[in-house]
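*Asks:* I'd like to ask some things about the structure below.
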Amino acid sequence: RFSILSSVVRVLMTWSLSHLGWGRSFLLAASLGLAVTLAVLLVVRDEPHTRSLRGPAMSLTHIRTSLSASWENPGTRLGFWAHFTTQFSGTVMGLLWGYPYFVQAENTSEQFAGVLLTVMVVAVMAAGPILGWAIGRFPWHRSTIVIGVVVSIMVAWTVVLLWPGDAPAWLLVVLVVIAGIGGPASMIGFDLARTFNPLDRLASATGIVNQAGFLASLISVVAVGL
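Residue 240 is where the sequence shown ends in our numbering, and the numbering goes up by one at each step.
Now the structure itself:
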């Protein structure tokens, strides 16, 4: 469902950028974000007659202790680096650098560059259920699956970048498919954190893992720009 929602958002943003321009499009996106936040605060409830259900308040000391204990858990760190290494390639291509790279560096047409990004989204949607089945069927091989995806991404990028002249269309398709698989593969990081942490630290462990891929994506976007 998240992959489908992401696809819809990308289509709407593509239309908006074409018809409204960058400034108006992102101003509209930011305004919708504020509207959704306000709607959640006013409408969403935990149950019909209760505004929210909260546990006992946590002190800053307790929060620091929980985060520290979560990070010290090897399963959390494994999940962090699984999320860090698998997600950023597809994210960087899909959010910013994929289109200009295909058009300006690989000399594809604008239409084919759009097709490549669409293929990547389809790969994300298709790979999710398959990876979900795989980690459910072989839970003790989750790290092996992650390593396999990361190595595949590295090999695909290496071949594309070292290809003499422009990479052929079929190779670019392979690249975006493999990079797309990295998106749902990053979810394995959450499953690792869930497995190796007690319930009272699951939220902090999940938060630590969740920031990994986006941190890697931010670093990569800025590095490519520089």
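Think of the CB as a built atom: it goes at the ideal place given N, C-alpha and C, for glycine as much as any other residue.
(1) Go ahead and label V236 buried or exposed: buried means 16 or more other beta carbons lie within 10 angstroms of its beta carbon, across all protein chains shown.
(2) Taking the C-alpha atoms as reference points, what is the distance between Q125 and L131?
(3) Using CA coordinates, which residue listed in T105, A53, A83 and L42 is at the minimum distance from S234?
(4) Is it buried or exposed, T64, if we count other Cβ atoms within 10 angstroms and call 16 or more buried?
(5) Would you kindly work out how many angstroms separate the C-alpha atoms of M27 and H33, rounded to a whole number?
(6) Assign E124 to one of three DSSP states: helix, strand, or coil.
(7) From V23, G146, M168 and M139, pick the residue whose C-alpha is nearest to that of I202; which is it?
(8) Is the separation between the beta-carbon of G197 and that of Q118 shorter than 9 Å?
(9) With distances taken Cα to Cα, identify the nearest neighbour of F94 among W177, S157 and I77.
(10) Mark H97 as exposed unless 16 or more other C-beta atoms lie within 10 angstroms of its C-beta, in which case mark it buried.
(11) Kindly indicate which residue of I167, F40, M168 and S200 has the alpha-carbon position closest to the one of V223.
(12) How about S218 and L109: are their beta carbons less than 9 Å apart?
(13) Is the stretch 179–196 close to the stretch 43–50, with three or more CB pairs under 8 Å?
(14) For A137, count neighbouring Cβ atoms within 10 angstroms of its own Cβ and tell me buried if that reaches 16, exposed if not.
(15) Judging by CA-CA distance, which residue of G142, A141, W111 and A140 is the nearest neighbour of A127?
*Replies:* Well, looking at it:
(1) As a first step, residue 236 must be located in the sequence shown, where it is residue number 222. Looking at its Cβ environment, which holds fewer than 16 other Cβ atoms inside 10 Å, V236 is exposed.
(2) Counting from one through the sequence shown, the residue named residue 125 turns up at place 111. Counting from one through the sequence shown, the residue named residue 131 turns up at place 117. Cα to Cα, the separation comes out at about 10 Å.
(3) On the sequence shown, residue 234 is found 220 positions in, with the first residue counted as 1. Among T105, A53, A83 and L42, the Cα nearest to that of S234 belongs to T105.
(4) One-based indexing of the sequence shown puts residue 64 at position 50. Result: exposed.
(5) As a first step, residue 27 must be located in the sequence shown, where it is residue number 13. As a first step, residue 33 must be located in the sequence shown, where it is residue number 19. Cα-Cα distance, rounded: 10 Å.
(6) Along the sequence shown, read from residue 1 onward, the residue named residue 124 stands at position 110. It is helical.
(7) In the sequence shown, the residue the question calls residue 202 occupies position 188. For I202, the nearest C-alpha among the options comes from G146.
(8) One-based indexing of the sequence shown puts residue 197 at position 183. One-based indexing of the sequence shown puts residue 118 at position 104. It is not a contact, given that the beta carbons lie outside the stated cut-off.
(9) Indexing the sequence shown from 1 puts residue 94 at position 80. For F94, the nearest C-alpha among the options comes from S157.
(10) In the sequence shown, counting from the first residue as 1, residue 97 sits at position 83. With 16 or more Cβ atoms within 10 Å of its Cβ, H97 is classed as buried.
(11) As a working mapping, residue 223 is identified with position 209 in the sequence shown. Nearest option by C-alpha distance: S200.
(12) Taking the first residue of the sequence shown as 1, we reach residue 218 at position 204. Taking the first residue of the sequence shown as 1, we reach residue 109 at position 95. Contact flag unset, no.
(13) no
(14) Within the sequence shown, numbered from 1, the residue matching residue 137 stands at position 123. That one is buried.
(15) Here residue 127 corresponds to residue number 113 of the sequence shown, with the count starting at 1. Measuring from the Cα of A127, the nearest candidate turns out to be W111.
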